[in-house]
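According to the numbering used here, the sequence shown is numbered sequentially starting from 12.
Ideal Cβ placement from N, Cα and C applies to all residues, glycine included.
A quick write-up on the structure given underneath.
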Amino acid sequence: MNKNHKKLERLLLFYEVAQHLSFSKAADKLGISRSYLSQQVRQLEQDFNTQLLIRTTRSVRLTREGSRVQQQAKTMHHGLLDLERDLEHSYEDVAGVLRLTAPVAFADAILYDVCSEFNQQYPEIRFDIEVGHHLEDLHERNFDLAIRVTENPPQNMVARHLMSYCHWVVASPDYWLKHSLPQHPNDLKALNCMAFPNWRGWRFQKEGQELVIEANGRFAVNENGILLKAALAGDGVIRVPEHLLWDHVNQGRLQRALTDYQVEKRQVWMIYPPKIEHSTRLLTFVSFLRQQMVDREIAT
């Protein structure tokens with residue numbers, strides 16, 4: 012029994028190495044020494060009488076047998092996380108920790124305020140929020156709820172549509188005074204259009220027709236907040252999600268252009284593991300978040 016217990020531990024340790032393909036990164040995540048981790052993986056190879064990893068001074072690779080063991084260890088790892096998540100989620104009380112992940116823009120413009128209002132009604136809830144743009148594996152990262160912008164939510168998760176949004180094309184009133192307000196997307200070609208470095212194509216739709224304009228301005232950065240700062244300073248034109256611009260446009264700091272065009276419509280989803288789809292705290296928050304979008308008239 013003791014041997015099996017140790018073998019299970021080694022399998023889970025091996026899984027982390029296989030995921031990172033690095034003893035150092037796996038050891039850091041696990042909070043153990045690299046030497047102990049290496050020793051346990053070598054012992055696992057002896058237990059199975061087979062080589063699981065190909066080690067060089069620069070890299071770690073899985074053998075064919077190592078890939079098979081990784082898949083079995085992944086099932087075990089996910090099973091333990093599911094059990095832990097299921098046990099910690101009360102099915103009666105709205106209390107405990109909710110682990111959320113959301114894009115930076117959504118977290119800044121919407122999520123923080125929603126969580127604050129939720130806490131006023133349910134003070135025993137604590138939020139752990141990580142901002143990011145990627146579709147993380149919720150099993151791996153141990154999130155309860157992910158807010159993600161995607162056209163294809165993962166099939167192995169529960170996905171509920173939260174909202175749609177478009178992008179707005181804006182600049183400061185002073186900038187438009189100097190360069191005149193564009194009447195057609197092609198007019199943007201003569202302006203300093205600032206964009207994400209890997210997302211320069213601005214897609215416009217009107218009456219079933221689509222037009223893509225390349226934003227080749229003098230400044231590019233992969234963060235909406237910095238683009239917004241540049242636009243407020245009068246440096247040029249930006250295209251960012253509308254919920255980042257409501258206050259700035261309403262208060263006259265920025266002015267929209269090409270309002271008769273639809274620009275880059277996106278879908279936002281609430282995604283969570285099926286194992287906790289009946290969790291009281293999760294479902295209460297999901298319903299609250301959805302209602303907040305309706306109240307703010309941005310749920311479509």
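Measure how close the beta-carbons of MET304 and MET168 come, nearest whole angstrom, since I'm counting them as under 8 Å. Taking the first residue of the sequence shown as 1, we reach residue 304 at position 293. Taking the first residue of the sequence shown as 1, we reach residue 168 at position 157. For a cut-off of 8 Å, the C-beta gap from MET304 to MET168 is around 20 Å, too long to register as a contact.
Looking at VAL115: is its Cβ nearer than 9 Å to the Cβ of VAL181? Residue mapping note: residue 115 aligns to position 104 of the sequence shown, counting from 1. Residue mapping note: residue 181 aligns to position 170 of the sequence shown, counting from 1. No; because the gap between Cβ atoms is not below 9 Å, this pair is not in contact.
To the nearest angstrom, report how far apart GLU218 and LEU192 are at their CA atoms. To locate residue 218, count along the sequence shown from 1; it is residue 207. To locate residue 192, count along the sequence shown from 1; it is residue 181. Cα-Cα distance, rounded: 21 Å.
Less than 8 Å between the CB atoms is what I'm expecting for HIS88 and LEU23, so what's the real figure, rounded? Within the sequence shown, numbered from 1, the residue matching residue 88 stands at position 77. Within the sequence shown, numbered from 1, the residue matching residue 23 stands at position 12. Contact holds; Cβ gap of about 6 Å.
Could you please give me the residues that DSSP links to TYR133 through a beta bridge? Residue 133 sits at position 122 when you count from the first residue of the sequence shown. Residue pairing by DSSP places TYR133 in no beta bridge whatsoever.
For HIS178, which residues in the same chain have their Cβ closer than 7 Å to its Cβ, ignoring the five residues on either side in sequence? As a first step, residue 178 must be located in the sequence shown, where it is residue number 167. Within the same chain, ARG250, VAL251, PRO252, GLU253, VAL274, GLU275 come within 7 Å of HIS178 by CB-CB distance, once the 5 residues on both sides are set aside.
Using the rule of at least 16 other Cβ atoms within 10 Å of the residue's Cβ for burial, across every protein chain shown, is ILE287 buried or exposed? Counting from one through the sequence shown, the residue named residue 287 turns up at place 276. Counting of Cβ neighbours within 10 angstroms places ILE287 among the buried residues, the total reaching 16 or more.
C-alpha gap between VAL52 and GLY236, whole angstroms: For the purposes of this step, residue 52 is taken as residue 41 along the sequence shown, with counting starting at 1. For the purposes of this step, residue 236 is taken as residue 225 along the sequence shown, with counting starting at 1. When rounded, the separation of the alpha-carbon atoms in VAL52 and GLY236 is 44 Å.
Within this structure, are the beta carbons of TYR283 and ASP155 separated by less than 9 Å? Here the question's residue 283 lines up with position 272 in the sequence shown. Here the question's residue 155 lines up with position 144 in the sequence shown. Taking C-beta atoms as the reference points, TYR283 and ASP155 count as a pair closer than 9 Å.
Other residues of its chain near SER49: CB distance less than 8 Å, five sequence neighbours each side excluded: For the purposes of this step, residue 49 is taken as residue 38 along the sequence shown, with counting starting at 1. The beta carbon of SER49 sits closer than 8 Å to those of PHE34, all from its chain and outside the five residues before and after it, given in chain order.
Following the continuous alpha helix (DSSP H) through TRP189, name the residue where it begins and the one where it ends. The sequence position of residue 189 within the sequence shown is 178, counting from 1. It is worth fixing the name first, because residue 189 is Lys in this sequence and not Trp. From DSSP, the alpha helix (DSSP H) with LYS189 extends over 184-190.
For GLN194 and GLN278, what's the separation of their Cα atoms in angstroms? Within the sequence shown, the letter at position 183 stands for residue 194. Within the sequence shown, the letter at position 267 stands for residue 278. The alpha-carbon atoms of GLN194 and GLN278 are separated by roughly 27 Å.
Mapping the DSSP letters down to three states, classify VAL232 as helix, strand or coil. Numbered from its first residue, the sequence shown carries residue 232 at position 221. Secondary structure at VAL232: coil, using DSSP grouped into helix, strand and coil.
Contact the region 291-303 vs the region 121-138: 3+ CB pairs below 8 Å: Contact between the region 291-303 and the region 121-138 is present, with at least three C-beta pairs closer than 8 Å.
Just mark TYR47 as buried or exposed, buried being the case when its beta carbon has 16 or more other beta carbons within 10 Å. Taking the sequence shown and counting its residues from 1, the one referred to as residue 47 is at position 36. Result: exposed.
With 16 other Cβ atoms within 10 Å as the buried cut-off, status of ARG21: Taking the sequence shown and counting its residues from 1, one reaches residue 21 at position 10. That one is buried.
Taking C-beta to C-beta, are GLU141 and LEU111 nearer than 9 Å? What you label residue 141 is simply residue 130 of the sequence shown in a count that begins at 1. What you label residue 111 is simply residue 100 of the sequence shown in a count that begins at 1. A contact, by the Cβ cut-off of 9 Å.
Give the secondary structure of VAL105 by DSSP, where H, G and I count as helix, E and B as strand, and everything else as coil. Here the question's residue 105 lines up with position 94 in the sequence shown. DSSP, reduced to helix, strand and coil, places VAL105 outside both helices and strands of the structure shown, so it counts as coil.
Using alpha carbons as the reference points, say which of ALA37, ASP185, LEU55, HIS31 lies closest to ASN15. Here the question's residue 15 lines up with position 4 in the sequence shown. Nearest C-alpha to ASN15: LEU55.
Within 9 Å, strictly: CB atoms of ASP92 and GLN81: Reading the sequence shown from its first residue, position 81 is the one you call residue 92. Reading the sequence shown from its first residue, position 70 is the one you call residue 81. Looking at the sequence provided, one finds Leu at residue 92 rather than Asp. For LEU92 and GLN81, no; Cβs fall outside 9 Å.
Continuous beta strand (DSSP E) stretch holding PHE215: start and end: Residue 215 sits at position 204 when you count from the first residue of the sequence shown. Annotation: the continuous beta strand (DSSP E) that includes PHE215 extends over 212-217.
Close beta carbons around ALA271, own chain, < 8 Å, minus the five adjacent residues each side: Taking the first residue of the sequence shown as 1, we reach residue 271 at position 260. The residue you asked about is not Ala; residue 271 is Asp in the sequence shown. Hits under 8 Å: LYS217.
Smallest Cα separation from VAL160: which of SER78, LYS36, LEU109, ALA118? Counting from 1 along the sequence shown, the entry for residue 160 is found at position 149. Nearest option by C-alpha distance: ALA118.
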